[in-house]
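Below is one structure, written out as structure tokens; comments come after it.
Now the structure itself:
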């Protein structure tokens, strides 16, 4: 798995992102404003990893972290700059995907995705 992450990280480095950061931008883009706890659960990231990545993305202006409906809650949203960065990074993400398809073959890549999804579902039901 680390080699796969490295493969995607190499491509995304052209726009100054790591795989986790791109996934974070992409997820917030797709779901809209979301609380950190919900995002953590959705992305299957522990709170400290998510917090670190959010801080980096906020400091670059890609995400905004604002007060939620009550004083204790926070909400994360993507900024216009974040949307631009996501769009820019998507080209490199797709390039990484195409390279994987070329190296392994489309069917094997699809099978790999299916196996990973099955493993994640099994781990969720094991809790």
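In my numbering, the protein residues as written are 2 to 128.
For each residue, glycine too, the CB sits at the ideal point set by N, CA and C.
Residues near residue i by beta carbon distance below 6 Å, same chain, minus five either side
i	result
residue 34	76, 78
Sequence-distant residues of the same chain with beta carbon closer than 7 Å to residue i, five excluded per side
i	result
residue 30	79, 84, 87
residue 13	19, 20, 23, 90, 93, 94
Candidates the options: closest to residue i by CA position
i	options	result
residue 64	9, 22, 123	22
residue 45	66, 60, 25	25
Endpoints, alpha helix (DSSP H) assigned at residue i
i	result
residue 95	81-105
residue 31	20-32
residue 71	That residue, residue 71, is in no alpha helix (DSSP H); it is neither H nor E in DSSP.
Distance between beta carbons of residue j and residue i, contact taken as under 8 Å
i	j	result
residue 82	residue 62	5 Å
residue 110	residue 101	5 Å
residue 97	residue 8	6 Å
Bridge-paired residues (DSSP) for residue i
i	result
residue 64	79
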